[in-house]
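1 is the number of the first residue of the sequence shown in the UniProt record's numbering; add one for each residue after it.
Even for Gly, the Cβ is constructed at its ideal location relative to N, Cα and C.
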Amino acid sequence: MRPVIPYVTAALLFGLGVYGVLRRRNAVLVLMAVELMLNAVNLVLVTADTTVKAALPHSGQVFALFVIVLAAAEIGVGLAIVLQLYRLRASVTVDDVPLAEPAPAVTPAERPEGAVR
1 MRPVIPYVTA ALLFGLGVYG VLRRRNAVLV LMAVELMLNA VNLVLVTADT
51 TVKAALPHSG QVFALFVIVL AAAEIGVGLA IVLQLYRLRA SVTVDDVPLA
101 EPAPAVTPAE RPEGAVR
């Protein structure tokens, strides 16, 4: 069997996922693009499992199952972060998220006695 069609389909899905991650501004759409990339990896794993005779039977399908579990956990945590971001900022655009917030300045009167200056 020549598995050209599944591999090309997986490459197109992965390319669409990368494009979605790089171009989208909405955090929910970025999560959907990551899911698309993970599904492309699943397609490659299952196709390789059916075409290549490995020492362990059905190893590609087992790895695909692990990727599905990982994707479910990623979506759960990702949506929780997006919901918290929406509650705080009333927007889920990725461009508005500060990557690092500045630490508040400590005046000399607030500094503990044993602190290094």
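Proximity below 9 Å, CB of residue i to CB of residue j
i	j	result
Gly17	Val34	yes
Val44	Tyr19	no
Ala40	Leu22	no
Gly60	Ala72	no
Same chain only: Cβ atoms within 8 Å of residue i, ignoring 5 sequence neighbours per side
i	result
Val92	Asn26, Ala27, Val28, Val82, Leu85 and Tyr86
Ala11	Ala40
Residue i to residue j span [Cα, whole Å]
i	j	result
Ile68	Ala90	31 Å
Val46	Ala64	7 Å
Leu79	Asp96	17 Å
Leu99	Leu36	25 Å
Leu56	Val77	32 Å
Asn42	Val52	15 Å
residue 122	Val62	Given a span of 1 to 117 for the chain in the structure shown, any question on residue 122 remains unanswerable.
Proximity test, residue i beta-carbon vs the ligand NAP heavy atom, cut-off 8 Å
i	result
Glu74	The ligand NAP is absent from the structure shown, which contains no ligand whatsoever.
Close beta carbons around residue i, own chain, < 7 Å, minus the five adjacent residues each side
i	result
Arg24	Val30 and Ala33
Neighbourhood of residue i by C-beta distance below 6 Å, restricted to the same chain and skipping five residues each side
i	result
Glu74	none
Arg2	none
Ile5	none
Of the listed residues the options, nearest to residue i (C-alpha basis)
i	options	result
Leu38	Ala55, Gly15, Ile5 and Val94	Gly15
Beta-bridge partners of residue i, as assigned by DSSP
i	result
Asn26	Thr93
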